[in-house]
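Everything on this sheet refers to the single structure shown next.
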Amino acid sequence: MKKVISVVGARPNFMKVAPIHRAFQKYSDSIEHLIVHTGQHYDQKMSDAFFNDLEMPHPNYFLGVGSGTHAEQTAKVMIEFEKICFEVKPDFVIVVGDVNSTLACALVSAKLGIKFAHIEAGLRSYDREMPEEINRIVTDSIADYCFVTEQSGYDNLIGDGYDPKKIYFCGNTMIDSLHFALPRANQSKIHNLLSLEKNEYILVTLHRPSNVDSKDQLSALLDILADVTKFKKVVFPIHPRTMKNIENFGLREKLESNEKFLLIDPLGYIDFLALMKDANLILTDSGGIQEETTVLNIPCITLRTSTERPVTCELGSNLLINPNPNEIKESLDLHFKNPKYTKQIPPYWDGKTAERITEIINNLLLNL
Ligand code: UD1
Numbered sequence: 116m117k118k119v120i121s122v123v124g125a126r127p128n129f130m131k132v133a134p135i136h137r138a139f140q141k142y143s144d145s146i147e148h149l150i151v152h153t154g155q156h157y158d159q160k161m162s163d164a165f166f167n168d169l170e171m172p173h174p175n176y177f178l179g180v181g182s183g184t185h186a187e188q189t190a191k192v193m194i195e196f197e198k199i200c201f202e203v204k205p206d207f208v209i210v211v212g213d214v215n216s217t218l219a220c221a222l223v224s225a226k227l228g229i230k231f232a233h234i235e236a237g238l239r240s241y242d243r244e245m246p247e248e249i250n251r252i253v254t255d256s257i258a259d260y261c262f263v264t265e266q267s268g269y270d271n272l273i274g275d276g277y278d279p280k281k282i283y284f285c286g287n288t289m290i291d292s293l294h295f296a297l298p299r300a301n302q303s304k305i306h307n308l309l310s311l312e313k314n315e316y317i318l319v320t321l322h323r324p325s326n327v328d329s330k331d332q333l334s335a336l337l338d339i340l341a342d343v344t345k346f347k348k349v350v351f352p353i354h355p356r357t358m359k360n361i362e363n364f365g366l367r368e369k370l371e372s373n374e375k376f377l378l379i380d381p382l383g384y385i386d387f388l389a390l391m392k393d394a395n396l397i398l399t400d401s402g403g404i405q406e407e408t409t410v411l412n413i414p415c416i417t418l419r420t421s422t423e424r425p426v427t428c429e430l431g432s433n434l435l436i437n438p439n440p441n442e443i444k445e446s447l448d449l450h451f452k453n454p455k456y457t458k459q460i461p462p463y464w465d466g467k468t469a470e471r472i473t474e475i476i477n478n479l480l481l482n483l
């Protein structure tokens with residue numbers, strides 16, 4: 116029996132690992148698939164809700180590292196994950212995405228000589244001020260196998276001199292989760308609960324340090340959102356980091372008097388998907404939402420100067436803009452006149468990516 120560990124840490128990891136866990140069940144005679152949760156995200160709403168919505172089993176190991184500076188968080192994950200590796204002696208490790216837990220477990224695996232795969236490899240924003248960009252570059256550079264979601268991921272790795280034999284273009288497991296959950300999202304009661312009608316609201320998410328850690332920038336963004344309520348309701352499920360900053364900067368009163376501005380707690384996966392699929396527009400600085408809106412064919416304006424997911428702009432419904440007030444207003448005017456829709460679903464974003472990945476890993480394990 117071979118042992119494979121998949122690591123999850125923060126919210127966007129759960130949707131990427133859940134389909135892999137399901138796909139490994141086909142190989143349960145020869146592969147034991149274990150889930151390690153680092154605890155980087157720990158709130159019920161940022162973590163547990165996703166296990167339920169994605170029908171993922173409880174993690175086999177919970178490391179409970181919590182928040183901290185980048186060094187503290189990365190170091191704590193490394194120390195705790197190394198202990199698990201000594202205990203479990205995995206034959207193979209899978210890390211996904213670009214969060215601090217990804218980097219930490221990649222480093223531990225590489226140093227212990229455990230073969231490991233990076234899922235969602237090769238993405239590059241070419242903006243080294245993003246902590247995620249550092250995590251991506253380092254993780255890819257020490258990974259034994261790189262699974263890419265889009266052509267740019269393949270091209271970036273080849274451009275950096277990676278051996279094509281270790282790169283696999285299998286598609287996007289986040290989209291597997293979307294297909295899996297859509298039937299239940301169609302039954303969600305969230306629209307009734309929030310008194311929302313299809314196409315009559317704009318859904319917002321913001322959590323990038325560049326948008327929410329400076330008082331001036333956050334305040335300007337909240338003013339624009341308040342302004343948009345002249346046209347549509349605004350629904351803003353708020354990330355804990357952003358909420359803390361709104362409180363600390365004393366910005367809460369900007370929103371409280373506006374009935375068309377719904378500031379709500381973070382949502383679970385099913386309810387959030389339900390809101391995405393019926394939105395008029397999504398305003399975000401998330402990575403994964405750019406991909407999900409592409410598949411759902413919902414216009415998306417991304418409030419960032421760069422994206423590591425260019426296919427969502429080339430083929431999808433995503434428009435990237437510099438998040439300053441003038442550009443945002445111009446892009447909103449443009450959206451209301453001429454919304455951007457998806458031209459083509461990117462290759463292999465078909466809901467079957469995890470099947471392809473686990474088949475490859477099964478074959479790799481036979482030859483280890
Ligand atoms: C992390 C990832 C980011 C990802 C995002 C998704 C890194 C470097 N960043 O950013 O790539 O897009 O998750 O959400 O790994 N907090 C809570 N409860 C929680 C988790 C966090 O209150 O369950 C608060 C903590 O005060 C923490 C802050 O939010 O300090 C930020 O959390 P952290 O994990 O450091 O980064 P994110 O901004 O969530």
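In case it helps, our numbering puts the sequence shown at residues 116 to 483. Just so you know, even glycine gets a beta-carbon here, dropped at the ideal spot from N, CA and C. Everything numeric in this text was worked out from a predicted model, so none of it was measured.
Given this structure, state the Cα-to-Cα distance separating residue i from residue j, to the nearest angstrom.
i: L411; j: P425; result: 17 Å
i: K467; j: T288; result: 8 Å
i: W464; j: G212; result: 16 Å
i: A221; j: V327; result: 28 Å
i: F129; j: L321; result: 19 Å
i: A219; j: A125; result: 13 Å
i: D206; j: M161; result: 30 Å
i: Y241; j: E248; result: 7 Å
i: E445; j: K455; result: 14 Å
i: E197; j: A186; result: 16 Å
i: K452; j: N433; result: 16 Å
i: L93; j: A335; result: No information on residue 93 is available, as it lies outside the stretch 116 to 483 that the chain covers here.
i: I476; j: G383; result: 30 Å
i: Q140; j: H148; result: 8 Å
i: L390; j: I413; result: 11 Å
i: D386; j: N482; result: 42 Å
i: R243; j: L227; result: 28 Å
i: P246; j: A236; result: 15 Å
i: P566; j: S372; result: The structure shown does not extend to residue 566, since the chain is modelled only from 116 through 483, so no value can be given for it.
i: Q266; j: E374; result: 43 Å
i: V119; j: I252; result: 23 Å
i: H294; j: N271; result: 28 Å
i: Y260; j: A225; result: 12 Å
i: I443; j: L337; result: 12 Å
i: A339; j: V123; result: Residue identity check: residue 339 is Ile in the sequence provided, not Ala. So the alpha carbons of these two residues sit roughly 35 Å apart.
i: E368; j: I379; result: 15 Å
i: H173; j: I404; result: 25 Å
Span of the beta strand (DSSP E) holding residue i?
i: T153; result: T153 -> no beta strand (DSSP E), and no H or E assigned at all.
i: P352; result: K348 to P352
i: T320; result: Y316 to T320
i: T233; result: Rather than Thr, the amino acid found at residue 233 in this sequence is His. Looking at the DSSP string, the run of the beta strand (DSSP E) that includes H233 is K230 to A236.
i: V282; result: The displayed chain sequence assigns Ile, not Val, to residue 282. I282 to F284 is the extent of the beta strand (DSSP E) around I282.
i: S325; result: Note, S325: premise wrong, no beta strand (DSSP E); alpha helix (DSSP H) at P324 to V327.
i: L434; result: N433 to I436
i: S121; result: K117 to V123
i: Y260; result: Y260 to V263
With the cut-off set at 7 Å, would you say residue i and residue j are in Cβ contact?
i: V208; j: I229; result: yes
i: C428; j: L435; result: yes
i: G268; j: L238; result: yes
i: C285; j: R137; result: no
i: P352; j: P381; result: yes
i: N215; j: T254; result: no
i: G431; j: T409; result: yes
i: G181; j: Y157; result: yes
i: L370; j: F376; result: yes
i: T420; j: N441; result: no
i: V151; j: M193; result: no
i: A77; j: L366; result: Only positions 116 to 483 of the chain appear in the structure, and residue 77 is not among them; the question remains open.
i: F262; j: A232; result: yes
i: N250; j: T217; result: yes
i: L480; j: K117; result: yes
i: A469; j: D291; result: yes
For the alpha helix (DSSP H) containing residue i, list its first residue and its last residue.
i: L337; result: K330 to V343
i: Y456; result: Y456 -> no alpha helix (DSSP H), and no H or E assigned at all.
i: L484; result: A query on residue 484 cannot be resolved here, the shown segment of the chain reaching from 116 to 483 and no further.
i: K313; result: Segment: none, K313 is in no alpha helix (DSSP H) and carries neither H nor E.
i: L479; result: T468 to L481
i: K131; result: R126 to F139
i: H294; result: T288 to A300
i: H306; result: I305 to L309
i: N167; result: A164 to D168
Is the CB of residue i under 7 Å away from at least one CB in chain C?
i: P127; result: Protein chains in the displayed structure number just one, and chain C is not present.
Every unbroken alpha helix (DSSP H) inside the stretch 349-423 [4 residues or more]: 355-363, 368-371, 384-392 and 403-411
If we count Cβ pairs, one from each stretch, closer than 8 Å, do we get three or more for the stretch 351-363 versus the stretch 293-306? no
At what residue ranges does the stretch 181-250 contain a whole run of the alpha helix (DSSP H), taking only runs of 4 or more? 185-203 and 215-227
Pairing CB atoms from the stretch 391-409 with CB atoms from the stretch 267-286, are three or more of them under 8 Å? no
If contact is defined by three or more beta carbon pairs under 8 Å, each pair taking one atom from either stretch, is the stretch 306-319 in contact with the stretch 329-348? yes
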